[in-house]
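S.K.: In terms of my numbering, the sequence shown opens at residue 9 and continues consecutively. Each residue gets a CB set at the ideal place from its N, CA and C atoms; glycine is no exception. Owing to the predicted nature of the structure, the values given are computational and were not obtained by experimental measurement.
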Amino acid sequence: MANSSKTNIPKNVGIIMDGNGRWALKNSLKISQGHKHGVDIVRDIVEESLKQNIKSLTLYAFSSENWKRPKAEINAIKTLIVQAINKQVPELKEQKVRLKFFGHLNDFGKKIIDKITYAENETKCKSCKLNLNIALGYGGQQDILDVVLKISKKISSGKIDLKDINMKLINDFSSVPVDQIDLLIRTGGDKRVSNFLLYQIAYAEIHFVKKLWPDYTKQDFKRNIKKYF
Ligand code: IPE
Ligand code: IPE
Ligand code: MG
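(1) Using CA atoms only, rank isn't needed, just tell me which of K219, K235, K230, I93 is closest to E128.
(2) Using only the alpha-carbon positions, how far apart do K137 and L58 sit?
(3) Taking just the CA atoms, how far does I82 sit from D115?
(4) So V21 is in the beta strand (DSSP E); what residue range does that whole segment cover?
(5) Mind listing which residues have their beta carbon within less than 7 Å of any non-hydrogen atom of ligand 1? Chain order is fine.
(6) To the nearest angstrom, how far is the alpha carbon of K38 from that of N28?
(7) Am I right that K111 and L144 are in contact with their C-beta atoms under 8 Å? What's the rounded C-beta distance?
(8) Is the separation between the beta-carbon of Y207 and that of I178 shorter than 8 Å?
(9) Does the beta-carbon of F237 have 16 or more other beta-carbons within 10 angstroms, so that it is buried, or is it exposed?
(10) What first and last residue would you give for the beta strand (DSSP E) that runs through H215?
(11) Report buried or exposed for M175, applying the criterion of at least 16 other Cβ atoms within 10 angstroms of its Cβ.
(12) From the DSSP output, in three-state form, read off M9 for me.
(13) Along the chain, where does the beta strand (DSSP E) containing R200 start, and where does it finish?
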């Protein structure tokens, strides 16, 4: 993990897409409209990631803590997830973008699980250009706890030995599809990581951007990629 030698282009980028609520407030819109605009921005960032030859883009869409939000907001987000999958999967497939979802997905219910399965199956590709990983119901601390529990079970059933535990094994047991993040961007102006990819950001360069996520553009993203140099 300590081998994070910096190259010109960050291969694995993570984004904490924050600021949808404040954007809605600023524009006198409902919070659900803020989330809707937030989803629309993802399309642009995926396009730019393809242009920049980024290998993986890992997005924080819904945290484990976000379950504490009002029910109406959570339902609006769930609807947006289904709509985004229906709308975007054909295009992603054409662009050779492979979609993966991770986190405590079962908490979202069968309808969303079925959509996720469809999206992941549809976008399987032999020579994928970009891995697009979406964190849903994800928390970094919970993920580490899950890894500890999974490894402990394997040890007590004699399937693995204590001496087999190493950093790679932790990555293998983690639900996160990427082992290491090179560049982590957080929009919305707050300077914290809010329980996102704790283990995988050990060597990440972190860029905090003042702009709210629905105002973030391809140009802003390009600037962040350039600054990484
Ligand atoms: C981030 O935007 C999106 C989610 C957490 C789903 P917020 O809804 O947190 O927006 P702010 O931070 O309140 O502006
Ligand atoms: C982080 O934003 C989570 C996502 C962007 C999905 P939050 O708005 O939930 O984080 P806090 O509460 O400000 O730390
Ligand atoms: Mg927020």
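M.R.: The relevant details are as follows:
(1) I93
(2) 7 Å
(3) 12 Å
(4) 20-24
(5) M25, D26, G27, N28, G29, R30, W31, I39, G42, H43, G46, A69, F70, S71, N74, I85, G196, L220, W221
(6) 10 Å
(7) What sits at residue 111 in the sequence shown is Gly, not Lys. Indeed they touch by this definition, with Cβ atoms about 5 Å apart.
(8) yes
(9) exposed
(10) 213-216
(11) exposed
(12) Residue confidence is low: M9 scores 44 on pLDDT, short of 50, so the model does not pin down where it sits. Its coordinate-derived value is still stated next. Three-state DSSP puts M9 in coil, outside helix and strand.
(13) Per DSSP, R200 belongs to no beta strand (DSSP E) and is neither H nor E.
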